[in-house]
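Participant: First, the structure itself, so that you have it in front of you.
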Amino acid sequence: MQLTRFDRWLRERYVYETLIYTLSEPAKLPKGIQKSSKDLGPASHYNHLFITHDASAADELIQQLRANNQKFSTRIVDRDKWYVPLIAPKGKSVTWSFMWLIIGAISSTVITHLVIKILSSAEMKRILAESWKMITSG
Numbered sequence: 001m002q003l004t005r006f007d008r009w010l011r012e013r014y015v016y017e018t019l020i021y022t023l024s025e026p027a028k029l030p031k032g033i034q035k036s037s038k039d040l041g042p043a044s045h046y047n048h049l050f051i052t053h054d055a056s057a058a059d060e061l062i063q064q065l066r067a068n069n070q071k072f073s074t075r076i077v078d079r080d081k082w083y084v085p086l087i088a089p090k091g092k093s094v095t096w097s098f099m100w101l102i103i104g105a106i107s108s109t110v111i112t113h114l115v116i117k118i119l120s121s122a123e124m125k126r127i128l129a130e131s132w133k134m135i136t137s138g
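Here it is in structure tokens:
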């Protein structure tokens, strides 16, 4: 399904995190960047991992790494939080899900109101009573 601007904003703000892998530590880390204590292992091409949820902080660090000619790699991944599947379901738009939920709730309320109104009329009660007599009398 097509994502709305609101869906994209939710994902950028609360779901995505930027992983920046480098060979050596930069001289100064911008505000909002955390150094991960996760061991990258001997098979990794990189020695350090930095994590940020802020795109501007990631851009600032990337510019700093480019200016110093340092080798780096970036990845944008989903955070490992409990709320991520709720606000960013895979292949679905949370906005359209809410819209369909609201439309369904309004429709069911209107239909229930109409059924109650129809069944409470005296004429309908008489017709239903006659029908019930015909069914039960055989």
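First residue of the sequence shown? That's 1 in UniProt numbering, and the numbers climb one at a time after it.
Every residue, glycine too, gets a C-beta built ideally from N, C-alpha and C.
1. Looking only at its chain, what residues have a beta carbon closer than 8 angstroms to the beta carbon of Ser-137, apart from the 5 residues adjacent to it on each side?
2. Measure the alpha-carbon distance for Ile-33 versus Thr-74 and round it to whole angstroms.
3. Can you list, in chain order, the residues of its chain with a C-beta nearer than 6 angstroms to that of Pro-85? Leave out the 5 residues immediately preceding and following it.
4. Any idea what DSSP makes of Lys-125, helix, strand or coil?
5. Quick check: Phe-6 and Leu-29, are their CB atoms within less than 9 angstroms of each other?
6. Let me know the secondary structure DSSP gives His-113 once reduced to three states.
7. Which residue marks the beginning of the beta strand (DSSP E) containing Glu-17, and which one marks its end?
8. Taking Cβ positions, are Val-17 and Asp-78 nearer each other than 9 angstroms?
9. How about the segment 53-70 and the segment 92-109: do they share at least three Cβ pairs that are nearer than 8 angstroms?
10. What whole-angstrom Cβ distance do Ser-93 and Gln-2 have, given they're in contact under 8 angstroms?
11. Counting only runs that start and end within the segment 45-125, where is the beta strand (DSSP E) found for 3 or more residues in a row?
12. What did DSSP end up calling Lys-38 once you bin it into helix, strand or coil?
Facilitator: Result, derived from the coordinates:
1. none
2. Roughly 13 angstroms separates the two Cα atoms.
3. none
4. helix
5. no
6. helix
7. 16-22
8. The sequence shown places Glu at residue 17, not Val. Result yes, Cβ atoms of Glu-17 and Asp-78 sit closer than 9 angstroms.
9. no
10. 7 angstroms
11. 48-52, 72-78
12. coil
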